[in-house]
Structures are given as C-alpha cells and as structure tokens.
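Numbered per my numbering, the sequence shown spans residues 357 to 628.
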Amino acid sequence: MKPNAFPHAIITGGSSGIGKAIALKLFLQGSSLTLIGRDLLKLAQTEAELEAHQVQPAQRLLTLSADVADQGAIATAIETAIQQLGAPDLLILCAGIAHPGHFQALPLDIFEKTMAINYFGSLYCLKAALPVMEQQQKGHIVLVSSGAGLVGLYGYTPYSPSKFALRGLAESLRGELRQTGIGLSIVYPPDTDTPQLVTENLTKPLATKRITATAKLWSAEAVADAVLRGIHHKTFTIAPGLEMGLLNRFHSLVAPLIHWYCDRLVTKTLNS
Ligand SMILES: NC(=O)c1ccc[n+]([C@@H]2O[C@H](COP(=O)([O-])OP(=O)(O)OC[C@H]3O[C@@H](n4cnc5c(N)ncnc54)[C@H](OP(=O)(O)O)[C@@H]3O)[C@@H](O)[C@H]2O)c1
Numbered sequence: 357m358k359p360n361a362f363p364h365a366i367i368t369g370g371s372s373g374i375g376k377a378i379a380l381k382l383f384l385q386g387s388s389l390t391l392i393g394r395d396l397l398k399l400a401q402t403e404a405e406l407e408a409h410q411v412q413p414a415q416r417l418l419t420l421s422a423d424v425a426d427q428g429a430i431a432t433a434i435e436t437a438i439q440q441l442g443a444p445d446l447l448i449l450c451a452g453i454a455h456p457g458h459f460q461a462l463p464l465d466i467f468e469k470t471m472a473i474n475y476f477g478s479l480y481c482l483k484a485a486l487p488v489m490e491q492q493q494k495g496h497i498v499l500v501s502s503g504a505g506l507v508g509l510y511g512y513t514p515y516s517p518s519k520f521a522l523r524g525l526a527e528s529l530r531g532e533l534r535q536t537g538i539g540l541s542i543v544y545p546p547d548t549d550t551p552q553l554v555t556e557n558l559t560k561p562l563a564t565k566r567i568t569a570t571a572k573l574w575s576a577e578a579v580a581d582a583v584l585r586g587i588h589h590k591t592f593t594i595a596p597g598l599e600m601g602l603l604n605r606f607h608s609l610v611a612p613l614i615h616w617y618c619d620r621l622v623t624k625t626l627n628s
C-alpha cells in the first residue's frame, strides 16, 4: 500500500452527509480520523460504520462531541485530537446548518446561529489547529461554502451571508497560508442529497424550491470524490460539476441574469 498522504484528518461535521462521505473515503485510504459533531448517537453510529472498513491495524478513529460555535469547547476538542492523534495533515471544516425562509418571518436568532456555526465555527477550528500545522509546515485545510456563497438566493438570507463570509475568509487567508506550506481549498457543493437538504426543504419557501428545482441533485459520495480530487491537486476552488463550475467562474457576470430568472419565478409563484 502507498504511504498515506494524510495520516490524520480532522473533519467537523464528519458524522453526516458530505463530511461523513469524505470520512469514509479517507478511512478506506488508511487515514486516522477525528470526527467532530454534536450528537453523540450520530457520532457512535458513524464510528461503528467506519470501523468495519479499517484497512490498517494502526489506524485510529476518534469521535468528539463539541459545538463548533462554542469557541472554548471546539478549542478543547481540537487540542484533544492533536494530543491523541498528532497534528492534522488535513483539516476539513464541513459542519454547517441551513434554515431557509422569508426574511421577515425569520427571528434574529436564526441569523445569529447560522453565522455562529457556519462562519465562526469554521474560524474557531482554524484558529485552534493552525499553530500546530504551521509548526509542521505542512497540511491542507478545506472550508465548505455553497453555491449560495457565490450568489445570494431568494429564501437564503441567513445562510448565504455565512457562506459568503467563508469565501471572503478563504480568499484573504490563501496568500498568508501560501507562505507557510499549508494548502487551502474552498468547496462550493451543489445541491446534495443529505440530511441537511431534507431539513432545509421543511422551511424552504415555494419560490426557492422552484428556483433550485432544475439543479441536478448530487450524492454525498460524488461530492466527496470531487473534494478529495481537489485536495489531491491542491486546487484552491473546488466547484463540483458544470453548474457550480460555471457559477464559480462567472457569478458576477451572470448575476443580473440569475436575478431576472429568479424574480420571474418568484413573481409567478406569489401570483399563483
Ligand atoms: N447538502 C447540500 O445540498 C449542501 C449544499 C451546499 C453546501 N453544503 C454544506 O456542506 C456542509 C455539510 O452539509 P451536509 O449537507 O452534509 O449536512 P448534514 O448531513 O446535515 O451534516 C452536517 C454535519 O455538521 C454537524 N454540525 C452541524 N452543526 C454543528 C455544530 N454546531 N457543531 C458541530 N457540528 C455540527 C452535524 O452533526 P450534529 O448535528 O450532530 O452536530 C453533521 O455531522 C455544510 O456546511 C453545508 O452548509 C451542503
């Protein structure tokens, strides 16, 4: 077996959806993993599923319950992961939530919680793990944004800004990390068949459903493959598929067209 490029990967949100699919693929490649989420049951289930796929006797699997939005708790979790499995060679910040709805109908705490988990949750993990990665002068970090981090979409007023913020962080941090030997990628996943999408659909306005209805639905496994390919090639922007690829390249240019298309659908929906 080839030496593993990532002996230790820390994955927040590794107990479900895209994070879990990435975890399984890395585990099958022989990586030791630290998976972080809040729900102990989901973590235990994931651990049991992954353990069945162990490929090397020395491989370790650590699951830690922590809320990424709680700076003290996540710093402790990252410290525990480093103490037990060493500095991460790969840090994948996938934990996130989405609660769509109409702006005026959503209470402020949804906006605050979404920003706290999606943006500050990633920032706190980065701050906690970066010093030891810098000492090693190697490793790769992955931030997980969304197509809604490239264009603001109707119904996503809490979510889009949190994913735009991650894009701003990645673009401004990229140059600094380049000097340290640490790689950075930002992922813009398309609509992916995961528990988050199911939860999202519960509160998604009808107009938002119509806007996103034509987008191809991806499996978490296919997105995980694209992410791992991007990491392998040290790609800064990982935009799986044609739609995300075009959106990533041309989002500012096509924004007026997207607004026109969405406005038409919204008007039609509201008048029907
Ligand atoms: N699915 C899509 O269509 C889609 C599209 C674009 C971008 N994304 C992004 O991709 C990432 C993964 O999404 P997914 O669809 O795979 O979601 P998912 O299946 O719901 O998984 C989310 C993961 O994040 C963890 N998590 C959520 N809040 C957390 C918190 N406060 N602290 C620690 N862990 C937390 C969850 O575990 P606990 O609940 O146990 O904490 C779970 O492991 C998210 O950042 C999402 O915004 C998803």
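Each residue gets a CB set at the ideal place from its N, CA and C atoms; glycine is no exception.
Check                                                                                                                                                                     : Outcome
Per DSSP, D549 forms a beta bridge with which residues?                                                                                                                   : S575
For Q385, collect the residues of the same chain with a Cβ closer than 7 Å to its Cβ; drop the 5 residues on either side in sequence, then sort them by chain order.      : N360
Let me know the alpha helix (DSSP H) ranges lying completely inside the stretch 478 to 564, each 4 residues or longer, listed in chain order.                             : 515 to 534 and 551 to 559
Ligand 1 heavy atoms versus the CB of A425: any closer than 6 Å?                                                                                                          : yes
Measure how close the beta-carbons of S541 and L522 come, nearest whole angstrom, since I'm counting them as under 8 Å.                                                   : Not quite, the Cβ-Cβ distance comes to about 12 Å (not below 8 Å), so this is no contact.
Considering only their Cβ atoms, is the gap separating H458 from P561 smaller than 7 Å?                                                                                   : yes
For T550, which residues from the same chain have a beta carbon less than 8 Å from its beta carbon, with the 5 sequence-adjacent residues on both sides left out?         : S372, G373, I374 and A576
Select from E403, L397 and L506 the residue whose C-alpha is nearest the C-alpha of A379.                                                                                 : E403
Under 7 Å, do F476 and P514 count as touching if we go by C-beta distance?                                                                                                : no
In the structure shown, what three-state DSSP assignment does T570 receive?                                                                                               : coil
Which residues in the same chain as A454 place their Cβ atom closer than 7 Å to its Cβ, once the five residues preceding and following it in sequence are excluded?       : Y515, Q552 and E556
Taking 6 Å as the cut-off, does the CB of C481 come closer than this to any heavy atom belonging to ligand 1?                                                             : no
Determine the DSSP secondary structure at T432, reduced to helix, strand or coil.                                                                                         : helix
Whose C-beta lies closer than 7 Å to the C-beta of L382 among residues of the same chain, with five residues either side of it excluded?                                  : F362, A365 and L389
Looking at the structure shown, is S608 part of a helix, part of a strand, or coil, going by DSSP?                                                                        : helix
Which two residues bound the contiguous beta strand (DSSP E) that contains I466?                                                                                          : Unbroken run through I466 is the alpha helix (DSSP H), L464 to T470; no beta strand (DSSP E).
Under a Cβ-count criterion, where at least 16 other Cβ atoms within 10 Å of its own Cβ denotes burial, should W335 be classed as buried or exposed?                       : Because the chain is modelled from 357 through 628, residue 335 falls outside the range shown and cannot be assessed.
Could you tell me the alpha carbon to alpha carbon distance between A425 and A408, rounded to whole angstroms?                                                            : 31 Å
Are there 16 or more other CB atoms within 10 angstroms of the CB of G586, so buried, or fewer, so exposed?                                                               : buried
Drop a sphere of 10 angstroms on the beta-carbon of N474, count the other beta-carbons inside from all chains shown, and report buried for 16 or more, exposed for fewer. : buried
State the Cα-Cα distance for the pair S478 and A451, rounded to the nearest angstrom.                                                                                     : 8 Å
Run the CB neighbour count on P487, radius 10 Å, all protein chains shown included, and call it buried at 16 or more, exposed below.                                      : exposed
Can you round the beta-carbon distance between A571 and D547 to whole angstroms, since I take them to be within the 8 Å contact cut?                                      : 5 Å
Going by C-alpha distance, which of T593, C481, T536 and A563 is nearest H615?                                                                                            : A563
Taking A433 as the reference, which of D445, T419 and T536 has the closest Cα?                                                                                            : T419
Can you round the beta-carbon distance between I567 and L621 to whole angstroms, since I take them to be within the 8 Å contact cut?                                      : 5 Å
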